[in-house]
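Peer 1: Supplied in C-alpha coordinates, the structure appears directly below.
In this note's numbering, the protein residues as written are 632 to 825.
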(Lines of atoms letter the chains of each structure in order from A and count residues from 1; the text may use other names and numbers.)
(Lines give C-alpha, C1' and ligand atoms only; values in the text may rest on other atoms or scores of the structure.)
Protein backbone atom coordinates (compact mmCIF):
# COMPACT_ATOMS: atom_id res chain seq x y z
CA UNK A 1 0.00 0.00 0.00
CA UNK A 2 1.24 3.48 -0.70
CA UNK A 3 0.39 6.94 0.55
CA UNK A 4 -1.17 9.37 -1.91
CA UNK A 5 -1.42 13.15 -1.72
CA UNK A 6 -4.08 14.62 -3.95
CA UNK A 7 -3.74 18.20 -5.09
CA UNK A 8 -6.40 20.14 -6.93
CA UNK A 9 -9.24 17.95 -5.70
CA UNK A 10 -10.74 20.65 -3.48
CA UNK A 11 -14.40 20.23 -2.55
CA UNK A 12 -16.76 22.28 -4.66
CA UNK A 13 -17.52 25.54 -2.90
CA UNK A 14 -20.88 27.13 -3.30
CA UNK A 15 -20.06 30.40 -4.92
CA UNK A 16 -20.60 32.06 -8.27
CA UNK A 17 -16.98 33.03 -8.64
CA UNK A 18 -15.75 29.32 -8.59
CA UNK A 19 -17.34 28.69 -11.99
CA UNK A 20 -15.24 31.46 -13.54
CA UNK A 21 -11.90 29.90 -12.59
CA UNK A 22 -10.40 27.30 -14.92
CA UNK A 23 -10.63 23.72 -13.70
CA UNK A 24 -7.32 22.37 -12.36
CA UNK A 25 -6.70 18.67 -13.07
CA UNK A 26 -6.16 16.45 -10.06
CA UNK A 27 -2.51 15.53 -9.47
CA UNK A 28 -1.56 12.52 -7.37
CA UNK A 29 1.93 11.77 -6.05
CA UNK A 30 2.63 8.25 -4.83
CA UNK A 31 5.16 7.73 -2.04
CA UNK A 32 6.13 4.13 -1.21
CA UNK A 33 5.43 3.01 2.34
CA UNK A 34 8.70 1.85 4.00
CA UNK A 35 6.86 -0.33 6.55
CA UNK A 36 5.07 -2.36 3.88
CA UNK A 37 6.08 -6.01 3.35
CA UNK A 38 6.80 -7.36 -0.14
CA UNK A 39 4.19 -10.10 0.16
CA UNK A 40 1.33 -7.62 0.01
CA UNK A 41 2.62 -5.91 -3.16
CA UNK A 42 -0.11 -5.76 -5.79
CA UNK A 43 0.58 -7.77 -8.95
CA UNK A 44 -0.53 -6.96 -12.45
CA UNK A 45 -4.17 -7.88 -13.05
CA UNK A 46 -3.25 -9.90 -16.16
CA UNK A 47 -0.72 -11.97 -14.21
CA UNK A 48 -3.34 -12.79 -11.59
CA UNK A 49 -5.79 -13.83 -14.33
CA UNK A 50 -3.11 -16.05 -15.86
CA UNK A 51 -2.38 -17.61 -12.46
CA UNK A 52 -6.08 -18.39 -11.98
CA UNK A 53 -6.33 -19.95 -15.45
CA UNK A 54 -3.31 -22.17 -14.78
CA UNK A 55 -4.76 -23.26 -11.42
CA UNK A 56 -8.13 -24.05 -13.05
CA UNK A 57 -6.48 -26.10 -15.85
CA UNK A 58 -4.63 -28.44 -13.44
CA UNK A 59 -1.30 -26.70 -13.93
CA UNK A 60 -1.42 -26.64 -17.75
CA UNK A 61 -0.76 -23.29 -19.41
CA UNK A 62 -3.48 -21.83 -21.69
CA UNK A 63 -3.23 -22.74 -25.37
CA UNK A 64 -1.90 -19.34 -26.48
CA UNK A 65 1.11 -19.54 -24.19
CA UNK A 66 4.10 -21.76 -24.93
CA UNK A 67 7.14 -22.06 -22.64
CA UNK A 68 6.06 -19.00 -20.68
CA UNK A 69 5.80 -16.74 -23.73
CA UNK A 70 2.96 -15.64 -25.96
CA UNK A 71 3.38 -17.28 -29.38
CA UNK A 72 4.51 -15.14 -32.29
CA UNK A 73 5.21 -15.99 -35.90
CA UNK A 74 8.87 -16.46 -36.81
CA UNK A 75 10.19 -15.84 -40.34
CA UNK A 76 11.60 -18.85 -42.17
CA UNK A 77 13.98 -16.84 -44.37
CA UNK A 78 16.19 -13.80 -43.91
CA UNK A 79 14.20 -10.65 -44.78
CA UNK A 80 15.33 -8.82 -47.90
CA UNK A 81 16.91 -5.36 -47.81
CA UNK A 82 13.66 -3.85 -49.11
CA UNK A 83 11.64 -5.54 -46.37
CA UNK A 84 13.91 -4.30 -43.58
CA UNK A 85 13.80 -0.73 -44.93
CA UNK A 86 10.04 -1.00 -45.21
CA UNK A 87 9.78 -2.19 -41.61
CA UNK A 88 11.90 0.69 -40.33
CA UNK A 89 10.93 3.68 -42.44
CA UNK A 90 7.55 3.00 -44.06
CA UNK A 91 4.53 4.99 -42.85
CA UNK A 92 2.38 3.25 -40.25
CA UNK A 93 -0.29 1.92 -42.61
CA UNK A 94 2.32 0.37 -44.95
CA UNK A 95 4.49 -1.24 -42.28
CA UNK A 96 4.50 -5.00 -41.92
CA UNK A 97 2.00 -6.01 -39.26
CA UNK A 98 2.89 -8.50 -36.51
CA UNK A 99 0.98 -11.77 -36.54
CA UNK A 100 -0.71 -11.95 -33.17
CA UNK A 101 -3.66 -14.14 -34.21
CA UNK A 102 -1.85 -17.40 -33.47
CA UNK A 103 -3.26 -20.45 -31.78
CA UNK A 104 -2.93 -24.22 -31.66
CA UNK A 105 -4.56 -26.66 -34.04
CA UNK A 106 -7.25 -28.66 -32.21
CA UNK A 107 -6.39 -31.80 -34.22
CA UNK A 108 -2.58 -32.02 -34.03
CA UNK A 109 -1.56 -29.31 -31.53
CA UNK A 110 0.83 -27.49 -33.88
CA UNK A 111 0.91 -23.69 -33.95
CA UNK A 112 -1.25 -22.12 -36.68
CA UNK A 113 -2.92 -18.84 -37.56
CA UNK A 114 -6.51 -18.58 -36.42
CA UNK A 115 -9.10 -18.92 -39.22
CA UNK A 116 -6.44 -20.64 -41.38
CA UNK A 117 -5.93 -24.33 -42.04
CA UNK A 118 -3.09 -25.97 -40.13
CA UNK A 119 -0.19 -26.56 -42.54
CA UNK A 120 0.87 -29.73 -40.69
CA UNK A 121 -2.60 -31.26 -41.09
CA UNK A 122 -2.69 -30.06 -44.70
CA UNK A 123 0.59 -31.86 -45.50
CA UNK A 124 -0.66 -35.06 -43.85
CA UNK A 125 -3.91 -34.97 -45.84
CA UNK A 126 -1.99 -34.28 -49.05
CA UNK A 127 0.39 -37.21 -48.55
CA UNK A 128 -2.53 -39.51 -47.60
CA UNK A 129 -4.47 -38.59 -50.76
CA UNK A 130 -1.32 -39.07 -52.88
CA UNK A 131 -0.85 -42.60 -51.49
CA UNK A 132 -4.55 -43.38 -52.09
CA UNK A 133 -4.28 -42.16 -55.68
CA UNK A 134 -1.21 -44.34 -56.30
CA UNK A 135 -2.95 -47.38 -54.81
CA UNK A 136 -6.11 -46.99 -56.93
CA UNK A 137 -4.32 -46.25 -60.22
CA UNK A 138 -3.43 -49.11 -62.55
CA UNK A 139 0.30 -49.50 -63.15
CA UNK A 140 1.18 -47.73 -66.38
CA UNK A 141 3.28 -49.82 -68.77
CA UNK A 142 6.23 -48.04 -70.33
CA UNK A 143 5.63 -47.33 -74.04
CA UNK A 144 7.54 -49.62 -76.41
CA UNK A 145 8.98 -51.67 -73.53
CA UNK A 146 8.81 -55.00 -75.41
CA UNK A 147 10.77 -54.08 -78.57
CA UNK A 148 13.27 -56.19 -80.46
CA UNK A 149 16.89 -55.03 -80.26
CA UNK A 150 16.80 -54.21 -84.00
CA UNK A 151 13.67 -52.07 -83.63
CA UNK A 152 15.17 -50.41 -80.56
CA UNK A 153 18.20 -49.32 -82.63
CA UNK A 154 15.88 -47.78 -85.21
CA UNK A 155 13.58 -46.02 -82.71
CA UNK A 156 16.35 -44.97 -80.30
CA UNK A 157 19.49 -44.52 -82.41
CA UNK A 158 22.78 -44.32 -80.56
CA UNK A 159 24.57 -41.02 -80.25
CA UNK A 160 27.07 -40.53 -83.09
CA UNK A 161 29.94 -38.23 -82.24
CA UNK A 162 32.01 -36.51 -84.86
CA UNK A 163 35.79 -36.80 -84.96
CA UNK A 164 36.09 -33.22 -83.71
CA UNK A 165 33.94 -33.95 -80.61
CA UNK A 166 35.97 -37.08 -79.83
CA UNK A 167 39.22 -35.09 -80.01
CA UNK A 168 37.78 -32.46 -77.64
CA UNK A 169 36.90 -35.15 -75.09
CA UNK A 170 40.42 -36.59 -75.19
CA UNK A 171 41.91 -33.24 -74.11
CA UNK A 172 45.21 -34.03 -75.84
CA UNK A 173 45.12 -30.65 -77.52
CA UNK A 174 45.38 -28.76 -74.19
CA UNK A 175 49.02 -27.68 -73.67
CA UNK A 176 50.52 -29.35 -70.60
CA UNK A 177 52.86 -27.32 -68.43
CA UNK A 178 56.41 -28.62 -68.16
CA UNK A 179 57.57 -29.90 -64.80
CA UNK A 180 59.97 -27.50 -63.03
CA UNK A 181 63.62 -28.43 -62.55
CA UNK A 182 64.76 -29.71 -59.18
CA UNK A 183 65.90 -27.00 -56.76
CA UNK A 184 69.63 -26.72 -56.28
CA UNK A 185 71.01 -24.36 -53.60
CA UNK A 186 74.42 -24.15 -55.30
CA UNK A 187 72.91 -22.35 -58.27
CA UNK A 188 71.82 -19.47 -56.01
CA UNK A 189 75.30 -18.75 -54.62
CA UNK A 190 77.06 -15.73 -56.02
CA UNK A 191 80.21 -16.90 -57.86
CA UNK A 192 82.15 -13.73 -56.88
CA UNK A 193 81.88 -14.45 -53.13
CA UNK A 194 83.54 -17.88 -53.37
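By construction, the Cβ of each residue, glycine as well, lies at the ideal position given by its N, Cα and C atoms.
1. Within the region 728 to 784, note down every full beta strand (DSSP E) run reaching 3 residues or more, in order along the chain.
2. Apart from the five residues just before and just after residue 806, which ones in its own chain have a Cβ nearer than 8 Å to its Cβ?
3. Just reading off the alpha helix (DSSP H) that residue 802 is part of, what are its end residues?
4. Rounded to whole angstroms, what's the CA-CA distance from residue 858 to residue 685? Just pull it up for me.
5. From which residue to which residue does the alpha helix (DSSP H) around residue 726 run?
6. Sorted by chain position, which residues of the same chain lie with C-beta nearer than 7 Å to residue 815's C-beta, five sequence neighbours on each side aside?
7. Under a Cβ-count criterion, where at least 16 other Cβ atoms within 10 Å of its own Cβ denotes burial, should residue 749 be classed as buried or exposed?
8. If you draw a straight line from the alpha carbon of residue 733 to that of residue 767, how long is it in whole angstroms?
9. Can you have a look at residue 764 and say buried or exposed, based on whether 16 or more other CB atoms are within 10 angstroms of its CB?
10. My understanding is that residue 771 touches residue 778, with C-beta atoms under 8 Å, so please give their C-beta distance in whole angstroms.
11. Does the beta-carbon of residue 743 have 16 or more other beta-carbons within 10 angstroms, so that it is buried, or is it exposed?
12. Suppose you measure from the CA of residue 709 to the CA of residue 675; what does that come to, to the nearest Å?
13. With C-beta atoms as the reference, is residue 735 less than 8 Å away from residue 729?
14. Got a sec? Which residues, its chain only, sit under 8 Å from residue 720 by beta carbon, not counting five neighbours each side?
15. Just reading off the alpha helix (DSSP H) that residue 718 is part of, what are its end residues?
16. Nearest to residue 746 by alpha carbon, out of 782, 731 and 688?
Peer 2: So, from the listed chains and residues:
1. You should have 733 to 735 and 742 to 744.
2. Excluding sequence neighbours, residue 806 sits near nothing in its chain.
3. Where residue 802 is concerned, there is no enclosing alpha helix (DSSP H), given that its DSSP letter is neither H nor E.
4. Look at the range of the chain in this structure, 632 to 825, and you will see that residue 858 is not part of it.
5. Neither: residue 726 is in no alpha helix (DSSP H) and is coded neither H nor E.
6. So no residue of the chain qualifies.
7. Buried: at least 16 other Cβ atoms inside 10 Å.
8. Rounded to the nearest whole angstrom, the CA to CA distance from residue 733 to residue 767 is 38 Å.
9. Counting Cβ neighbours within 10 Å, residue 764 comes out exposed, since fewer than 16 surround it.
10. In this structure residue 771 is not in contact with residue 778, their Cβ atoms being roughly 17 Å apart against a cut-off of 8 Å.
11. Buried is the call here.
12. Approximately 36 Å, taken between the alpha carbons.
13. Cβ atoms of residue 735 and residue 729: not closer than 8 Å.
14. No residues qualify anywhere along the chain.
15. Residue 718 -> alpha helix (DSSP H) spans 712 to 720.
16. Scanning 782, 731 and 688 for the CA closest to the CA of residue 746 turns up 731.
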